[in-house]
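For reference, the structure discussed in these notes is given below.
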Amino acid sequence: SVIRDEKVEYYPDEEKVKLLGNYVIDYKEFKFKGINGVYNNKTGMLHGEKSIITSLNGDRFESDRVDGNLNDLVIDFSGNIKGHVVNKGEITNFKGDFARLYFKHGQKYELLRSEIRNNAEFIQENKKLQSDYIEVDAVRKLVYSKDNSKLTVEDKNGTSVITSDSAEMDIDKNSAVLTGHVKVDNLNKDRGMTKITSDRATIDQKKNLLEFTGNVNIENDESIVQADKGIYNTETKKINAVGNVYVNYKR
(Lines of atoms letter the chains of each structure in order from A and count residues from 1; the text may use other names and numbers.)
(Lines give C-alpha, C1' and ligand atoms only; values in the text may rest on other atoms or scores of the structure.)
Protein backbone atom coordinates (compact mmCIF):
# COMPACT_ATOMS: atom_id res chain seq x y z
CA SER A 1 0.00 0.00 0.00
CA VAL A 2 1.07 3.61 -0.68
CA ILE A 3 -0.03 6.42 1.66
CA ARG A 4 -0.09 10.13 0.86
CA ASP A 5 -1.10 12.77 3.41
CA GLU A 6 -0.49 16.34 4.50
CA LYS A 7 0.79 15.15 7.87
CA VAL A 8 1.20 11.73 9.50
CA GLU A 9 2.26 10.23 12.80
CA TYR A 10 3.98 6.85 12.44
CA TYR A 11 4.29 4.26 15.21
CA PRO A 12 6.83 1.70 13.92
CA ASP A 13 6.35 -0.90 16.65
CA GLU A 14 2.68 -1.24 15.77
CA GLU A 15 3.13 -0.38 12.06
CA LYS A 16 0.31 2.11 12.65
CA VAL A 17 -0.08 5.41 10.80
CA LYS A 18 -2.20 8.25 12.13
CA LEU A 19 -3.44 10.22 9.14
CA LEU A 20 -3.96 13.91 9.88
CA GLY A 21 -5.98 15.94 7.41
CA ASN A 22 -6.72 14.71 3.88
CA TYR A 23 -5.23 11.31 3.07
CA VAL A 24 -5.01 8.99 0.07
CA ILE A 25 -4.21 5.27 0.26
CA ASP A 26 -3.52 3.25 -2.89
CA TYR A 27 -4.23 -0.39 -2.07
CA LYS A 28 -4.29 -2.98 -4.86
CA GLU A 29 -7.17 -1.96 -7.17
CA PHE A 30 -8.60 0.56 -4.68
CA LYS A 31 -8.02 4.19 -3.87
CA PHE A 32 -9.09 5.28 -0.38
CA LYS A 33 -9.59 9.00 0.28
CA GLY A 34 -10.68 10.56 3.55
CA ILE A 35 -9.96 12.85 6.46
CA ASN A 36 -8.29 12.11 9.82
CA GLY A 37 -7.80 8.37 9.63
CA VAL A 38 -5.83 5.61 11.30
CA TYR A 39 -4.28 2.77 9.27
CA ASN A 40 -2.48 -0.29 10.63
CA ASN A 41 -0.25 -1.79 7.96
CA LYS A 42 0.15 -5.05 9.92
CA THR A 43 -3.51 -5.82 10.64
CA GLY A 44 -4.95 -3.96 7.65
CA MET A 45 -7.43 -2.04 9.81
CA LEU A 46 -8.51 1.36 8.50
CA HIS A 47 -10.66 3.97 10.23
CA GLY A 48 -11.43 7.30 8.60
CA GLU A 49 -13.91 10.11 8.11
CA LYS A 50 -15.51 11.58 4.98
CA SER A 51 -14.55 8.51 3.02
CA ILE A 52 -14.51 8.09 -0.76
CA ILE A 53 -13.37 4.73 -2.11
CA THR A 54 -12.98 4.04 -5.83
CA SER A 55 -11.79 1.03 -7.81
CA LEU A 56 -10.18 0.49 -11.19
CA ASN A 57 -13.42 -1.24 -12.21
CA GLY A 58 -15.34 2.04 -11.84
CA ASP A 59 -16.97 1.31 -8.48
CA ARG A 60 -17.43 4.18 -6.04
CA PHE A 61 -18.45 4.25 -2.35
CA GLU A 62 -18.98 7.37 -0.24
CA SER A 63 -19.84 7.71 3.46
CA ASP A 64 -19.31 9.88 6.52
CA ARG A 65 -17.13 7.17 8.05
CA VAL A 66 -15.32 4.00 7.04
CA ASP A 67 -14.11 1.14 9.26
CA GLY A 68 -12.67 -1.94 7.67
CA ASN A 69 -10.00 -4.56 7.27
CA LEU A 70 -8.10 -4.15 4.01
CA ASN A 71 -6.42 -7.53 4.39
CA ASP A 72 -9.74 -9.38 4.60
CA LEU A 73 -11.54 -6.75 2.48
CA VAL A 74 -14.55 -6.52 4.79
CA ILE A 75 -15.47 -2.84 4.96
CA ASP A 76 -18.14 -0.99 6.93
CA PHE A 77 -19.57 2.32 5.74
CA SER A 78 -21.73 4.49 8.00
CA GLY A 79 -23.59 7.77 7.56
CA ASN A 80 -25.02 9.16 4.30
CA ILE A 81 -23.88 6.22 2.22
CA LYS A 82 -24.16 6.35 -1.54
CA GLY A 83 -22.34 4.46 -4.21
CA HIS A 84 -22.44 2.29 -7.26
CA VAL A 85 -21.02 -1.02 -8.45
CA VAL A 86 -20.18 -1.75 -12.10
CA ASN A 87 -20.58 -5.31 -13.39
CA LYS A 88 -20.15 -6.04 -17.11
CA GLY A 89 -21.09 -2.45 -17.91
CA GLU A 90 -24.24 -2.59 -15.77
CA ILE A 91 -24.42 -0.02 -12.96
CA THR A 92 -26.15 -0.73 -9.64
CA ASN A 93 -26.67 2.22 -7.29
CA PHE A 94 -27.31 2.00 -3.58
CA LYS A 95 -27.93 4.28 -0.59
CA GLY A 96 -28.39 3.83 3.15
CA ASP A 97 -27.28 4.71 6.66
CA PHE A 98 -25.01 1.67 7.07
CA ALA A 99 -23.44 -0.84 4.67
CA ARG A 100 -21.05 -3.76 5.04
CA LEU A 101 -19.30 -5.00 1.90
CA TYR A 102 -17.45 -8.31 1.50
CA PHE A 103 -14.85 -8.64 -1.25
CA LYS A 104 -12.91 -11.66 -2.55
CA HIS A 105 -9.18 -11.77 -3.16
CA GLY A 106 -7.84 -13.10 -6.43
CA GLN A 107 -6.21 -11.88 -9.62
CA LYS A 108 -8.95 -9.24 -9.47
CA TYR A 109 -11.07 -8.22 -6.55
CA GLU A 110 -14.72 -9.31 -6.64
CA LEU A 111 -17.64 -8.07 -4.57
CA LEU A 112 -19.23 -11.14 -2.98
CA ARG A 113 -21.97 -9.76 -0.76
CA SER A 114 -23.26 -6.51 0.66
CA GLU A 115 -25.62 -5.62 3.49
CA ILE A 116 -27.37 -2.24 3.54
CA ARG A 117 -29.35 -1.19 6.60
CA ASN A 118 -31.68 1.66 7.57
CA ASN A 119 -33.17 3.74 4.75
CA ALA A 120 -31.64 1.27 2.31
CA GLU A 121 -32.11 1.65 -1.45
CA PHE A 122 -31.02 -0.65 -4.28
CA ILE A 123 -31.48 0.80 -7.76
CA GLN A 124 -30.84 -1.05 -11.02
CA GLU A 125 -32.17 -0.03 -14.42
CA ASN A 126 -35.98 0.27 -14.01
CA LYS A 127 -36.19 -1.27 -10.52
CA LYS A 128 -35.85 0.42 -7.14
CA LEU A 129 -35.99 -1.59 -3.91
CA GLN A 130 -36.35 0.24 -0.58
CA SER A 131 -36.27 -1.38 2.85
CA ASP A 132 -34.81 -1.26 6.36
CA TYR A 133 -32.52 -4.15 5.38
CA ILE A 134 -31.25 -5.21 1.95
CA GLU A 135 -28.76 -7.99 1.26
CA VAL A 136 -27.17 -8.46 -2.16
CA ASP A 137 -25.54 -11.72 -3.25
CA ALA A 138 -23.39 -10.40 -6.09
CA VAL A 139 -22.25 -13.87 -7.19
CA ARG A 140 -25.71 -15.43 -7.57
CA LYS A 141 -27.30 -12.09 -8.58
CA LEU A 142 -29.92 -12.27 -5.84
CA VAL A 143 -31.28 -9.40 -3.75
CA TYR A 144 -33.15 -9.98 -0.48
CA SER A 145 -35.00 -7.42 1.64
CA LYS A 146 -37.03 -7.51 4.83
CA ASP A 147 -38.87 -5.00 7.01
CA ASN A 148 -40.87 -2.36 5.14
CA SER A 149 -39.97 -3.59 1.68
CA LYS A 150 -41.09 -1.44 -1.24
CA LEU A 151 -40.33 -2.38 -4.83
CA THR A 152 -40.99 0.09 -7.67
CA VAL A 153 -40.85 -1.24 -11.22
CA GLU A 154 -41.26 0.93 -14.33
CA ASP A 155 -41.66 -0.45 -17.84
CA LYS A 156 -43.30 0.39 -21.15
CA ASN A 157 -46.74 -0.42 -19.71
CA GLY A 158 -46.53 1.83 -16.66
CA THR A 159 -45.46 1.68 -13.02
CA SER A 160 -45.98 -0.93 -10.29
CA VAL A 161 -45.42 -0.07 -6.62
CA ILE A 162 -45.30 -3.21 -4.47
CA THR A 163 -45.00 -3.42 -0.68
CA SER A 164 -44.52 -6.59 1.37
CA ASP A 165 -42.94 -7.97 4.54
CA SER A 166 -40.04 -9.38 2.53
CA ALA A 167 -38.87 -9.65 -1.06
CA GLU A 168 -36.32 -11.63 -3.05
CA MET A 169 -35.25 -10.53 -6.53
CA ASP A 170 -33.43 -12.58 -9.17
CA ILE A 171 -31.59 -9.98 -11.24
CA ASP A 172 -30.76 -12.22 -14.22
CA LYS A 173 -34.29 -13.63 -14.50
CA ASN A 174 -35.97 -10.25 -13.94
CA SER A 175 -38.23 -11.89 -11.39
CA ALA A 176 -39.15 -11.47 -7.73
CA VAL A 177 -40.93 -13.31 -4.91
CA LEU A 178 -42.80 -11.25 -2.31
CA THR A 179 -44.12 -12.62 0.96
CA GLY A 180 -46.43 -11.27 3.64
CA HIS A 181 -49.06 -8.52 3.36
CA VAL A 182 -48.43 -8.02 -0.34
CA LYS A 183 -49.96 -4.86 -1.81
CA VAL A 184 -49.62 -3.77 -5.45
CA ASP A 185 -50.61 -0.50 -7.09
CA ASN A 186 -50.22 -0.99 -10.84
CA LEU A 187 -50.74 2.10 -12.97
CA ASN A 188 -51.10 1.21 -16.64
CA LYS A 189 -50.60 4.30 -18.81
CA ASP A 190 -53.51 3.31 -21.10
CA ARG A 191 -55.85 1.37 -18.79
CA GLY A 192 -55.58 3.08 -15.42
CA MET A 193 -55.01 1.85 -11.87
CA THR A 194 -55.29 -1.71 -10.56
CA LYS A 195 -54.91 -2.46 -6.85
CA ILE A 196 -54.06 -5.97 -5.65
CA THR A 197 -53.53 -7.53 -2.21
CA SER A 198 -52.51 -11.09 -1.31
CA ASP A 199 -50.41 -13.21 1.05
CA ARG A 200 -47.73 -13.96 -1.54
CA ALA A 201 -46.79 -12.88 -5.05
CA THR A 202 -44.31 -13.66 -7.80
CA ILE A 203 -43.28 -11.25 -10.56
CA ASP A 204 -42.11 -12.26 -14.02
CA GLN A 205 -41.24 -8.95 -15.64
CA LYS A 206 -40.18 -10.52 -18.94
CA LYS A 207 -43.69 -11.99 -19.37
CA ASN A 208 -45.51 -9.00 -17.80
CA LEU A 209 -47.09 -11.36 -15.27
CA LEU A 210 -47.90 -11.03 -11.58
CA GLU A 211 -49.07 -14.22 -9.84
CA PHE A 212 -50.78 -13.98 -6.44
CA THR A 213 -51.73 -16.64 -3.90
CA GLY A 214 -53.70 -16.48 -0.64
CA ASN A 215 -56.58 -14.06 0.04
CA VAL A 216 -56.28 -12.46 -3.38
CA ASN A 217 -58.20 -9.23 -4.00
CA ILE A 218 -57.91 -7.47 -7.36
CA GLU A 219 -59.70 -4.19 -7.99
CA ASN A 220 -59.81 -1.86 -10.99
CA ASP A 221 -62.29 0.57 -12.52
CA GLU A 222 -64.43 -2.26 -13.86
CA SER A 223 -64.57 -4.92 -11.14
CA ILE A 224 -63.47 -6.44 -7.86
CA VAL A 225 -62.18 -10.03 -8.05
CA GLN A 226 -61.52 -12.22 -5.01
CA ALA A 227 -59.95 -15.69 -5.22
CA ASP A 228 -57.45 -18.13 -3.77
CA LYS A 229 -55.12 -17.47 -6.68
CA GLY A 230 -54.86 -14.81 -9.36
CA ILE A 231 -52.67 -14.10 -12.38
CA TYR A 232 -52.57 -10.52 -13.63
CA ASN A 233 -51.08 -9.36 -16.93
CA THR A 234 -49.71 -5.83 -16.52
CA GLU A 235 -49.79 -5.22 -20.28
CA THR A 236 -53.36 -6.35 -21.09
CA LYS A 237 -54.82 -5.99 -17.56
CA LYS A 238 -56.31 -9.47 -18.04
CA ILE A 239 -57.09 -11.35 -14.80
CA ASN A 240 -57.21 -15.12 -14.40
CA ALA A 241 -58.70 -16.18 -11.05
CA VAL A 242 -58.78 -19.70 -9.57
CA GLY A 243 -60.42 -21.11 -6.42
CA ASN A 244 -63.43 -19.64 -4.57
CA VAL A 245 -63.77 -16.93 -7.17
CA TYR A 246 -66.04 -13.97 -6.46
CA VAL A 247 -66.55 -11.17 -9.01
CA ASN A 248 -68.35 -7.88 -8.41
CA TYR A 249 -68.83 -5.82 -11.58
CA LYS A 250 -69.01 -2.08 -10.93
CA ARG A 251 -70.86 -1.26 -14.12
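In this note's numbering, the protein residues as written are 234 to 484.
For each residue, glycine too, the CB sits at the ideal point set by N, CA and C.
Let me confirm a value: D292 is counted as buried when at least 16 other C-beta atoms fall within 10 Å, else exposed. Which label applies? Counting from 1 along the sequence shown, the entry for residue 292 is found at position 59. The residue in question, D292, is buried, as its Cβ has 16 or more Cβ neighbours within 10 Å.
In the DSSP assignment, find the unbroken beta strand (DSSP E) run with E295 in it and report its ends. Residue numbering aside, residue 295 sits at position 62 when the sequence shown is read from its first letter. Looking at the DSSP string, the run of the beta strand (DSSP E) that includes E295 is 293-302.
Excluding sequence positions up to five away, which residues of its chain have a Cβ less than 6 Å from the Cβ of Y482? On the sequence shown, position 249 is the one that residue 482 refers to. Contacts found: S456.
Min CB distance N450 to chain C below 7 Å: In the displayed structure, chain C is absent; only one protein chain is listed.
Between the segment 396-413 and the segment 309-318, do at least 3 Cβ pairs fall closer than 8 Å? no
Please work out which residues of its chain come closer than 7 Å, Cβ to Cβ, to N441, disregarding the five sequence neighbours upstream and downstream, and give them in chain order. The residue labelled residue 441 in the question sits at position 208 within the sequence shown. Correct list, in chain order: N390, N466, T467, E468.
With 16 as the cutoff for other CB atoms within 10 Å, does G329 come out buried or exposed? Mapped onto the sequence shown, residue 329 falls at position 96. Burial call: buried.
Is K440 helix, strand or coil by DSSP? Walking along the sequence shown from the start, residue 440 turns up at place 207. Helix, per DSSP.
Where the beta strand (DSSP E) through V257 begins and ends: In the sequence shown, the residue the question calls residue 257 occupies position 24. That run of the beta strand (DSSP E) goes 249-260.
Look at the alpha carbon of E247 and the alpha carbon of D370, and state the distance between them as a whole number of angstroms. Here the question's residue 247 lines up with position 14 in the sequence shown. Here the question's residue 370 lines up with position 137 in the sequence shown. Each residue's Cα considered, the two are about 36 Å apart.
Span of the beta strand (DSSP E), counted from its first residue to its last, around E401: Here residue 401 corresponds to residue number 168 of the sequence shown, with the count starting at 1. From DSSP, the beta strand (DSSP E) with E401 extends over 391-403.
Same chain, Cβ closer than 7 Å to F174, neighbours up to 5 away in sequence not counted: What the structure shows of the chain is the stretch from 234 to 484, and residue 174 is not part of that stretch, so it cannot be assessed.
Let me check understanding here. Comparing Cα to Cα, which of V257, N255, V250, Y256 lies closest to M278? The count along the sequence shown starts at 1 and reaches residue 278 at position 45. The shortest Cα separation from M278 among V257, N255, V250, Y256 belongs to V250.
What are the boundary residues of the beta strand (DSSP E) that includes D388? Here residue 388 refers to the residue found at position 155 of the sequence shown. From DSSP, the beta strand (DSSP E) with D388 extends over 375-388.
Just to confirm, are I436 and S408 a CB contact at a threshold of 7 Å? To locate residue 436, count along the sequence shown from 1; it is residue 203. To locate residue 408, count along the sequence shown from 1; it is residue 175. Closer than 7 Å, so yes.
Identify the residues that DSSP records as bridge partners of V271: which are they? As a first step, residue 271 is located in the sequence shown; it is residue number 38 there, counting from the start. Looking at the DSSP assignment, V271 forms a beta bridge with K251, H280.
Just the C-alpha distance for R346 and E282, rounded to the nearest angstrom, thanks. Mapped onto the sequence shown, residue 346 falls at position 113. Mapped onto the sequence shown, residue 282 falls at position 49. So the alpha carbons of these two residues sit roughly 23 Å apart.
Is the CB-CB distance between R424 and K470 below 7 Å? Here the question's residue 424 lines up with position 191 in the sequence shown. Here the question's residue 470 lines up with position 237 in the sequence shown. Yes, the pair counts as a contact, with Cβ atoms nearer than the cut-off.
Here's the rule I'm using: 16 or more other beta-carbon atoms within 10 Å means buried, otherwise exposed. How should V376 be labelled? Residue mapping note: residue 376 aligns to position 143 of the sequence shown, counting from 1. By the 10 Å Cβ count, V376 comes out buried.
Going by DSSP, what residues sit across from V241 in a beta bridge? By one-based count along the sequence shown, residue 241 stands at place 8. The partner list for V241 (beta bridge, DSSP) reads L252.
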